[in-house]
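Mapping the sequence shown onto numbering that gives the first Met the number 0, position 271 (from 1) lands on 270, and the numbers just tick up by one.
All C-beta atoms in this analysis are idealised placements derived from N, C-alpha and C, irrespective of residue type, glycine included.
Nothing here was measured: the structure is a model prediction, and the numbers come from that model.
Following: one structure in C-alpha cells, then a few remarks.
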Amino acid sequence: MDLKAKDLLEKLKIEHSLSTDEYEYLLANRDEELMDLAAGYAREFQKQHYGNKVYIRGLIEFTNFCRNDCIYCGIRRDNMNCERYRLSAQTIIDCANQGYELGFRTIVLQGGEDYTYSDDMLCDIISAIKSSHEDMVITLSIGERSKESYQKYYDAGARRYLLRHETANPELYRKLHPAEMSWHNRMECLKNLKEIGYQTGAGFMVESPGQTSYDLAMDLKFIEEFKPDMCGIGPFISHKDTPFANENSGTLDTTLFCLSLIRMIYPEVLLPATTALGTINPKGRELGILAGANVVMPNLSPTDVRRMYTLYDNKICTGEEAAECLGCLGSRMESIGYKIVTDPGNRAGFN
Ligand code: SF4
Numbered sequence: 000m001d002l003k004a005k006d007l008l009e010k011l012k013i014e015h016s017l018s019t020d021e022y023e024y025l026l027a028n029r030d031e032e033l034m035d036l037a038a039g040y041a042r043e044f045q046k047q048h049y050g051n052k053v054y055i056r057g058l059i060e061f062t063n064f065c066r067n068d069c070i071y072c073g074i075r076r077d078n079m080n081c082e083r084y085r086l087s088a089q090t091i092i093d094c095a096n097q098g099y100e101l102g103f104r105t106i107v108l109q110g111g112e113d114y115t116y117s118d119d120m121l122c123d124i125i126s127a128i129k130s131s132h133e134d135m136v137i138t139l140s141i142g143e144r145s146k147e148s149y150q151k152y153y154d155a156g157a158r159r160y161l162l163r164h165e166t167a168n169p170e171l172y173r174k175l176h177p178a179e180m181s182w183h184n185r186m187e188c189l190k191n192l193k194e195i196g197y198q199t200g201a202g203f204m205v206e207s208p209g210q211t212s213y214d215l216a217m218d219l220k221f222i223e224e225f226k227p228d229m230c231g232i233g234p235f236i237s238h239k240d241t242p243f244a245n246e247n248s249g250t251l252d253t254t255l256f257c258l259s260l261i262r263m264i265y266p267e268v269l270l271p272a273t274t275a276l277g278t279i280n281p282k283g284r285e286l287g288i289l290a291g292a293n294v295v296m297p298n299l300s301p302t303d304v305r306r307m308y309t310l311y312d313n314k315i316c317t318g319e320e321a322a323e324c325l326g327c328l329g330s331r332m333e334s335i336g337y338k339i340v341t342d343p344g345n346r347a348g349f350n
C-alpha cells in the first residue's frame with residue numbers, strides 16, 4: 000500500500016476533508032489494500048449512524064420522454080429507437096398504493112424532463128398519495144424545473160429531491176451534454192432545492208467518457224462542500240443507441256472506492272448501492288453496501304414498461320414484480336449481515 004495514500008485516508012477519517020489534489024492522489028494510488036482499509040472505515044461510520052439497516056426506496060419510473068439530449072443517456076430526446084411511454088396519474092397512484100401495501104414508506108417518482116406533466120398535475124399526484132398515506136415520504140427525481148415549481152411540489156407534500164450533478168467540472172459537463180444544457184443552472188437547481196428545505200440528493204457518474212481522476216476528485220470535493228443529504232453514484236454504462244455506444248463502461252472497483260470515500264467524507268449521508276452497480280457485477284449491490292452504502296431502490300414501476308426505461312444497456316430487474324424484487328433484495332442483504340427496513344429513513348441528523 001502506498002504510504003502517503005494510507006496517511007491521507009487516516010486524515011480523511013478524522014477530518015472528513017482533503018484538498019482536491021489529495022483526493023486525486025488517493026484515486027490514482029488505490030490498490031486492493033487501500034480499498035479494503037477505506038471500506039472498513041466506511042463501514043464503521045455506516046454502522047455508527049445506521050447500524051445494519053439498509054433503507055429501501057420504491058422507484059416508480061413514470062415517463063421515459065425527455066426534452067434533453069444528454070450524450071450518455073439511452074432515453075435522450077434524439078434516440079429514435081427508444082420506445083416511449085407515460086404513466087397516467089392514476090397508474091402512478093396505483094403503483095404508490097401497491098408499494099405502501101408491500102411496506103414501502105418512501106417512493107421515488109422518477110422520469111425524464113417531461114413537461115407534459117404540469118406542475119398542477121404533479122401536485123395533484125403528490126397530494127393524492129399523501130392524503131391516502133400520510134406517512135409515505137415522496138421523493139421526486141424529474142430534473143431541472145424552476146424554484147417556483149420546486150416550491151409547489153414541496154407545498155403539495157414532496158420532501159426529497161434527487162438531481163445528480165453528474166460532474167463537478169463544468170468543462171466535462173459540456174462534453175457530456177448538449178450546448179443548450181447548463182452546468183450553472185444545474186448547480187442553481189441544487190441550491191434552490193436545499194433552500195426550500197428538501198432533503199436533496201446529488202450524484203455523479205464514475206468513469207464517464209473523458210473523465211480524469213482529477214475530475215472525480217472534484218466530485219468528491221463538491222460532495223464535501225455541498226453536503227447533499229443523499230448521494231447517488233454509479234459507473235458510466237454505455238447504451239447502444241447513443242454517441243457513447245463504443246465507450247468503455249466504468250469499473251466496479253473505482254465505484255466502490257468512491258462509495259467508501261463519500262461515506263468517510265460525510266458519515267451521515269444516505270448512499271444508495273445503485274442498480275447500475277448491480278448491472279456491472281451480479282453482486283454489485285452487496286459489494287456497494289459493504290463499501291459503505293446504506294440504501295437500495297427496488298423498482299415499483301409496472302413490469303410492462305420497465306424494459307423501456309433503459310438509461311444504459313443490460314439494466315437488471317426489468318422483469319420482476321415488485322414483491323419478488325423486494326424478497327430477492329432482502330435475502331441478498333441478509334446474506335451479508337444487513338437487513339432491509341421499511342421506515343422512511345431520513346438522513347441521520349436531519350430535522
Ligand atoms: S440523463 Fe436525464 S435529463 Fe438527460 S436525457 Fe437522460 S433522462 Fe433526460
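In the DSSP secondary-structure assignment, Glu60 is bridged to Gln109. In the DSSP assignment, Cys122 falls within the unbroken alpha helix (DSSP H) covering Asp118 to Ser131.
With a threshold of 16 other beta carbon atoms within 10 Å, Leu2 falls short and is exposed.
Taking 8 Å as the upper bound for CB-CB distance, Pro242 and Ile70 are in contact here, some 5 Å apart. The region 294-305 makes contact with the region 270-282, as at least three CB pairs between them are under 8 Å. Leaving aside the five residues that flank Asn78 on each side, the residues in its chain whose CB is nearer than 6 Å to its CB run, in chain order, Asp240. For Asn67, the Cβ falls inside the 6 Å cut-off from some heavy atom of the ligand SF4. By DSSP's assignment, Phe203 forms a beta bridge with Glu165 and Ile232.
Pairing Pro227 with Thr199 gives a Cβ-Cβ distance under 7 Å. Between Lys220 and Ala167 the beta-carbon gap is near 7 Å, inside 8 Å, which marks them as a contact. With a cutoff of 7 Å on beta-carbon distance, Glu23 and Tyr311 are scored as not near each other. Shown here, Gln97 sits in a helix according to DSSP, grouped into three states.
By the criterion of at least three beta-carbon pairs nearer than 8 Å, the region 75-95 is in contact with the region 50-66.
Shortest gap from the CB of Gly142 to any heavy atom of the ligand SF4: under 6 Å. If you compare the alpha carbons of Leu33, Val205 and Phe256 with that of Phe235, the shortest gap goes to Val205.
Rounded to the nearest angstrom, the gap between the Cα atoms of Thr19 and Met217 is 6 Å.
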